[in-house]
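S.K.: Next up is a structure, given as structure tokens.
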Amino acid sequence: MRLGVLDVGSNTVHFLVVDAYPGARPLPAFSHKVELRLAAHLEPDDKLSHAGEKLLTSVVAESMRIAEDKGVEEVIAFATSAVREAVNGDDVLARVQERTGAEIKVLPGEHEARLTFLAARRWFGWSSGRLLVVDIGGGSLEIGTGPDEDPEAVMSLPLGAGRLTRDWLGSDPPPPKEVRAMRRYVRAEIARHAGGLLRGGTVDHAVGTSKTFRQLARIAGAAPSSEGVYERRFLKHGDVRLWAERLAAMDSDERARLPGVSEGRAAQLAAGAIVADAVLDLMGITQLEICPWALREGVILKRLDTLTLNGGPAEQPRSVRMKSRAVPPRTRR
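Taking the numbering used here, the leading residue of the sequence shown gets 34, the next gets one more, and so forth.
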């Protein structure tokens, strides 16, 4: 079946069209991505602003038009940290659904971690043993660990790169005093939960899935994305520690000139590197491997796992059945 996955993230709204079959690798067919920066539209009272809602509605409506044009049979739509933490998030999504037809479900942080873990497990397989999967998003940090497809322990913390940049780093580049304060806060939050994640045993394979890790790996010398998803890419903790210090001393323009760093993500990369350094240090990880699959692929795989002969929809995230276009009647001869 042709599936559409609409991912409403804190930084980006990404609509991915895939051809998916049970037991087979989902094949990307089309991608539409908009850097909406929804988290920046959260007001001081944690309400998503009218302007943010208007922009979100427009992007979702465009995604649903693309879904129809590309022959998508079913759209699975979900939102993560920014909408999850907006006090009016449910009301906003209800209005978006009324205007666009897209039923967007808010993913709890722990569920997000479980789906990302599933994607990494399917990508690397059982031979990887006990996995530790780390995802640094714009609004939150998710970590999962375990020997199976469903992680035995997960953690979701409000330590996203975009959130930390907004809350802790007031200038560009940030003064060392702000960087140290943020670093102490990040490490204290992760250390409070690290023991529960490592209680099950030694990690055999550490994996990073986020844009932050991909950019750090590229800066440290990993192959560019043009060499394809099957090129193995690794990131050593020593390189992360080094670049966490260097990036904090740079301004956004300097970071954007580094290989693999997009202009839109340059401002938050220093905070992301500090989180990555803290995770690897506190978890005792000397090296991790970059996984091409993450949350969106996890959502697709979970949907395929629940697929029945009559095509019943999965429970989470919710899916929207696309209405078929009317077929004109045959002309009588």
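Even glycine gets a Cβ: it sits at the ideal position worked out from N, Cα and C. Remember, predicted model here, so these are calculated numbers, not experimental data.
#1: Suppose you measure from the CA of A115 to the CA of G172; what does that come to, to the nearest Å?
#2: Determine the extent of the beta strand (DSSP E) in which K66 is found, giving its start and end residues.
#3: Quick check: the Cα distance between E101 and M316, rounded to an integer number of angstroms?
#4: Please list, in chain order, all residues of the same chain as L334 whose beta carbon is under 7 Å from its beta carbon, the five residues on each side excluded.
#5: As an exercise, report each continuous alpha helix (DSSP H) stretch of at least 4 residues that is fully enclosed by the region 289-330, in chain order.
#6: May I have the straight-line CA-CA distance separating E2 from R35, to the nearest angstrom?
#7: Where do the ends of the beta strand (DSSP E) carrying T178 lie?
#8: Does T339 pass the burial test, meaning 16 or more other C-beta atoms within 10 Å, or should it be called exposed?
#9: Should I252 and P207 be called a contact, given that it needs their Cβ atoms to be closer than 8 Å?
#10: So, with DSSP's three-state summary, where would you put A127?
#11: For A255, collect the residues of the same chain with a Cβ closer than 6 Å to its Cβ; drop the 5 residues on either side in sequence, then sort them by chain order.
#12: Check this for me: beta carbons of L75 and L69, under 8 Å apart or not?
#13: Mapping the DSSP letters down to three states, classify S97 as helix, strand or coil.
#14: Are E175 and G142 closer than 8 Å when you measure CB to CB?
#15: Taking contact to mean 3 or more Cβ pairs, one atom from each stretch, closer than 8 Å, check whether the region 193-203 and the region 292-302 are in contact.
#16: Within the same chain, show all residues whose beta-carbon is closer than 8 Å to that of M131, passing over the 5 residues directly before and after it, in chain order.
#17: Closest to A72 by CA distance: which of K244, A94, S258, G42 is it?
#18: Measuring CA to CA, which of H226, L337, Y218 is closest to V187?
#19: Closer than 8 Å is the cut-off here; do at least three beta carbon pairs connect the region 236-247 with the region 158-168?
#20: Please report the straight-line C-alpha distance between L202 and G56, rounded to a whole angstrom.
#21: Can you have a look at L313 and say buried or exposed, based on whether 16 or more other CB atoms are within 10 angstroms of its CB?
#22: So A281 and V212 are supposed to be a Cβ contact under 8 Å. How far apart are they, rounded?
#23: Helix, strand or coil, according to DSSP, for R265 in the structure here?
#24: With a floor of 4 residues, list each alpha helix (DSSP H) that falls wholly inside the region 204-266, ordered by position along the chain.
#25: Got a sec? Which residues, its chain only, sit under 6 Å from F63 by beta carbon, not counting five neighbours each side?
#26: Is DSSP giving D338 helix, strand or coil here?
#27: When you compare only the Cα positions, how much space is there between V93 and D124?
#28: Would you kindly check if the distance between the Cβ of T113 and the Cβ of D168 is under 8 Å?
M.R.: Working from what's here:
#1: 6 Å
#2: 60-67
#3: 45 Å
#4: L151, A152, R155
#5: 299-315
#6: Within the shown structure, residues of the chain are numbered from 34 to 366, placing residue 2 beyond reach of any answer.
#7: 174-179
#8: exposed
#9: no
#10: helix
#11: R266
#12: no
#13: Note that residue 97 corresponds to Met in the displayed sequence, not to Ser. The answer is helix: DSSP assigns M97 an H, G or I state.
#14: yes
#15: yes
#16: A quick correction: the sequence has Glu, not Met, at residue 131. So no residue of the chain qualifies.
#17: G42
#18: H226
#19: yes
#20: 45 Å
#21: buried
#22: 5 Å
#23: coil
#24: 209-231, 244-252
#25: V50, K103
#26: helix
#27: 16 Å
#28: no
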